[in-house]
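Report on one structure; see the data block that follows.
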Amino acid sequence: MRAALDASLRATDIADLLVEAGVPFRESHGLVGRLVREAERAGVPLDRVPPAVAAGIHPALGAALSQLGTWEDSVEGRATAGGASRKSVEGQLEALRTAFAPEGGP
1 MRAALDASLR ATDIADLLVE AGVPFRESHG LVGRLVREAE RAGVPLDRVP
51 PAVAAGIHPA LGAALSQLGT WEDSVEGRAT AGGASRKSVE GQLEALRTAF
101 APEGGP
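Position one of the sequence shown corresponds to residue 1 (my numbering), numbered consecutively onward.
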């Protein structure tokens, strides 16, 4: 399953880190798009663009790349209702079990 992971899936994580650094989301979205194009042009995964190249697009991009955690961090960071974190998914499953439980209990 890990072999199917594509670094371009980290684009949202990078945009989120830019927003945390004070870059407006609309701008961060465009900056990450430029970073994706640079990665494709250079033939490297998104998370392997050299920090100096990323910083040339925007100073906060180099820092954002260095702050990317693991794939697990990425998933667990989506802890909102309907998110992908383990806790969110378990909550969604429990809600479904309750909703579809036979009358009188499970």
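Where is the CB? At the ideal position from N, CA and C, for every residue including glycine.
Since the model is a prediction, treat every value here as computed from it, not as a measurement.
Buried or exposed for residue i, please, with buried defined as at least 16 other CB atoms from any protein chain shown within 10 angstroms of its CB.
i	result
arginine 48	exposed
alanine 60	buried
alanine 95	exposed
Between which two residues does the alpha helix (DSSP H) carrying residue i extend?
i	result
threonine 98	86-99
valine 36	25-42
glycine 77	Segment: none, glycine 77 is in no alpha helix (DSSP H) and carries neither H nor E.
serine 66	59-67
So what does DSSP say about residue i, is it helix, strand or coil?
i	result
glutamate 20	helix
proline 51	helix
Under 8 Å, do residue i and residue j count as touching if we go by C-beta distance?
i	j	result
leucine 46	leucine 35	yes
alanine 11	valine 44	no
leucine 65	proline 51	yes
alanine 63	alanine 21	yes
serine 88	alanine 99	no
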